[in-house]
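Asks: The sequence shown begins at 4 in my numbering and counts up by one.
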Amino acid sequence: MPNDRSLSGVFTQVEGEQALQIWETWPAKDELYDTQPQAEQALCAWKDVQWRKNYGIDPVQYAKDLQMAFERIKRIPSVQLILLEQGQHETPSQYLARAKCILNGLRYGSRELSDATRLDIVNRYISGVNQNDVRGFLEDIVRHSNGEVDFEAVGLGHKTCHLSRQLQSALGKDIRDAAQARDVADYIALLRSPPRQVWAGPTDYKVVIPVPRESVGLVMRIRNMHDIHSMASNQPRDRYRDHLEFPTSGAGVQCDINFSAHLALHNTALLRCYSHTDTRVRPMVLFVKHWAKVRGINSGYRGTLSSYGYVLMVLHYLVNVVQPFVCPNLQHLAPRPSQNPSPVEIETTLWCRGCNIQFWRNEGEILHLAGTKQLNHNAESLGNLLRGFFEYFAHNGILSSGCGKGFDWGRDVLSLRAQGGLLSKQDKGWTGAKTVFQVQGAAKAPNSQIEQAIEPGAAGDDGKIQQAQPPKKGGEVKEIRHRYLFAIEDPFELDHNVARTVTHTGIVSIRDEFRRAWRIIRTAGSSAAQEDLLEDIKILQERSNPFLQLLDEIHGSEETWG
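Set out below in structure tokens:
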């Protein structure tokens, strides 16, 4: 019988046996035992895999079986306790909560734990802390406890020491205001105060750093510095934090900066002409844009959809879905070009960068016909139009109006220029993510689009899988990632997906928000408790600010202050 082994399997065996040896020789094991019946089953399964004699027939499958058995072992609470370690970016609050969850999975029998077992649990917690100086600080707490080790006090010490280090780092580097610097220094001193117990229930207590009456104002000022602890060095990198981004308040202006975005000028002209076709278009677009903003789903940089994308969604509904239509299709009503157009006419009304930019752009005519009610026969209120819009994108079933079905996010491409407003992803070839290398710079002709698209797993002429490689020659190369989870065809640049920035998380958020909006609108006026359609998600996030939660954990409720 073959006796081949994989390196992965050997490593898993060593890791698993080391964990079980520590567990079996752990003195507190007899005093702590697991409440789950699966614990004994997991141990038996591990032994069965270990003693299997035919491991060499399929070493890869054997390694997988070992890994699965070891994962079951690691779900045993007592094993989790002896293997307890703080993750690289795991906060003290998260680490403490995980440790408490493990302890809740253990049963102590009918008697209290011995002092030796309590000390062992505390030491297990401390040994897993990932910063050496914080670990040393917690060990000092245990040494000076006079034999009365309190797990809650150690957890509080972990939080206060970690926060003090962060504030000290920010104090030396990022805080320039003298008054703020004094407050931070005074607060660090307060964190070093002796803890005390406060009752959190008839039989439960928590350990906090007390806030004397004279320090209440100080703590309140620190609470107002919401993200002061994030100024410290060695923070997890925020992939969405851009130092060139406009501040959320105080700038007084919002703008986009583009260079040579000639098509964008024609897009803007098209949207302006659509806004002239009916007086309901502009307020409806503004409402939807505001809704998307307050619900946090309007940023292409953060994996959701740009404001322009929501405008196209509204126009698609008003042009193609609602019956009778609110807006005529301006691209279908483009006037015939003259037989011999001048170069200026071609550049300004017919073609731009190889794209057909023809549409009905006579604003005077549009305004006149709209003002005399000759462009449409739709008399629905703005509220009804918004109701239909949110229903259309909330589900793909039959609409409550009985006219048509909702948008199919998985199959449909939203296309403003197409007859009926929809294409299929299959027909467009927008069925999988692609990486595109776009050559830029002086070598690129004004109306050319030199692109090399590589699909993941694309096969070459020899049948082998080709890796995505950028072009070797040409000007500057820009790598663009095209996603088609949500597909909106640009009105002019037909190979451009306006929603290409939408990630998996982003589309889940967008669809959830449409369902939420439709639920609120559908149940409006009922006896059920009503949610706020335009509730600002940033306010909700501030209420759950980790920094404020940490201060509440450290100092307890305000009723105990003073």
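For glycine and all other residues, C-beta sits at the position ideal for the given N, C-alpha and C.
Note that this is a predicted model, so its numbers are computed, not measured.
Ignore the nearest five residues each way along the sequence and tell me which others in residue 88's own chain have a CB closer than 6 Å to its CB.
Replies: Close CB contacts of residue 88 within its chain, under the 6 Å cut and outside five residues either way in sequence, are with 131 (chain order).
Asks: Can you name the residues that DSSP bridges to residue 355?
Replies: 358
Asks: Decide if residue 419 is buried, meaning its Cβ has at least 16 other Cβ atoms within 10 Å, or exposed.
Replies: buried
Asks: Around the C-beta of residue 262, are 16 or more other C-beta atoms found within 10 angstroms, so that it is buried, or is it exposed?
Replies: exposed
Asks: Just how far apart, CA to CA, sit residue 189 and residue 180?
Replies: Their backbone Cα atoms lie some 14 Å apart in a straight line.
Asks: Is the stretch 316 to 334 in contact with the stretch 270 to 284, if contact means three or more CB pairs nearer than 8 Å?
Replies: yes
Asks: Rounded to a whole number of angstroms, what is the C-alpha to C-alpha distance between residue 449 and residue 423?
Replies: Unreliable placement is indicated for residue 449, whose pLDDT of 39 sits below 50; no coordinate value is reported for it.
Asks: How do the stretch 298 to 312 and the stretch 373 to 393 stand: do at least 3 beta-carbon pairs fall below 8 Å, yes or no?
Replies: Taking 8 Å as the limit for Cβ pairs, the verdict is that the stretch 373 to 393 does not touch the stretch 298 to 312.
Asks: Could you compute how far the alpha carbon of residue 211 sits from the alpha carbon of residue 536?
Replies: 39 Å
Asks: According to DSSP, is residue 433 part of a helix, a strand, or is it coil?
Replies: Coil.
Asks: Starting from residue 415, trace the beta strand (DSSP E) both ways and give me its first and last residue.
Replies: Start and end: 415 to 418.
Asks: Can you find at least 3 beta carbon pairs, one from the stretch 303 to 320 and one from the stretch 501 to 511, that sit closer than 8 Å?
Replies: yes
Asks: My output table needs one value for residue 200: the three-state DSSP class, helix, strand or coil.
Replies: Strand.
Asks: Could you tell me whether the stretch 132 to 142 touches the stretch 194 to 202, using the rule of 3 or more Cβ pairs below 8 Å?
Replies: no
Asks: Inspect the CB distances between the stretch 367 to 375 and the stretch 341 to 349 and report whether three or more fall short of 8 Å.
Replies: Taking one beta carbon from each stretch, the stretch 367 to 375 and the stretch 341 to 349 have fewer than 3 pairs nearer than 8 Å; the two do not touch.
Asks: Thinking C-beta only, is residue 290 closer than 7 Å to residue 333?
Replies: no
Asks: With distances taken from CA atoms, which of 72, 64 and 30 is nearest residue 41?
Replies: Measuring C-alpha to C-alpha distances from residue 41 to each of 72, 64 and 30 identifies 72 as the nearest.
Asks: Check whether the Cβ of residue 361 lies closer than 7 Å to any Cβ atom in chain B.
Replies: No chain B is present in this structure, which holds just one protein chain.
Asks: Assign residue 380 to one of three DSSP states: helix, strand, or coil.
Replies: coil
Asks: So what's residue 99 in DSSP terms, helix, strand or just coil?
Replies: DSSP places residue 99 in the helix class (H, G or I) of the three-state scheme.
Asks: Just reading off the beta strand (DSSP E) that residue 211 is part of, what are its end residues?
Replies: DSSP places residue 211 inside the beta strand (DSSP E), whose first and last residues are 208 to 211.
Asks: Tell me which same chain residues have a C-beta within less than 7 Å of the C-beta of residue 311, skipping the five on either side of it?
Replies: 501
Asks: Quick check on this structure: which residue in 208, 29 and 202 has the alpha carbon closest to the alpha carbon of residue 120?
Replies: 29
Asks: Pop quiz: residue 117 and residue 34 are said to be a contact at Cβ under 8 Å. What is the actual Cβ separation, rounded to whole angstroms?
Replies: 7 Å
Asks: May I have the straight-line CA-CA distance separating residue 408 from residue 78, to the nearest angstrom?
Replies: 46 Å
Asks: From residue 445 to residue 483, what distance separates their C-alpha atoms?
Replies: Residue placement at residue 445 cannot be trusted, given a pLDDT of 42 that sits under 50; what the coordinates show is reported in the next sentence. The alpha-carbon atoms of residue 445 and residue 483 are separated by roughly 19 Å.
Asks: Please state the DSSP three-state secondary structure of residue 492.
Replies: strand
Asks: What's the gap between the Cα of residue 217 and the Cα of residue 552?
Replies: 22 Å
Asks: With H, G and I counted as helix, E and B as strand and the rest as coil, what does DSSP make of residue 500?
Replies: strand
Asks: Please classify residue 516: is it buried, with 16 or more other beta-carbons within 10 angstroms of its beta-carbon, or exposed?
Replies: buried
Asks: What three-state label does DSSP hand residue 35 in the structure shown?
Replies: Residue 35: coil per DSSP, three-state reduction.
Asks: What would DSSP say about residue 335, mapped onto helix, strand or coil?
Replies: Coil at residue 335, not helix or strand.
Asks: Three-state secondary structure (DSSP) at residue 554?
Replies: helix
Asks: Between the C-alpha atoms of residue 186 and residue 213, what's the straight-line distance to the nearest angstrom?
Replies: 17 Å
Asks: Grab me the residues of residue 53's own chain with a C-beta within less than 6 Å of its C-beta, minus the 5 sequence neighbours each way, in chain order.
Replies: Cβ neighbours of residue 53 beyond the five flanking positions: none.
Asks: I need the DSSP call for residue 398, collapsed to helix, strand or coil.
Replies: coil
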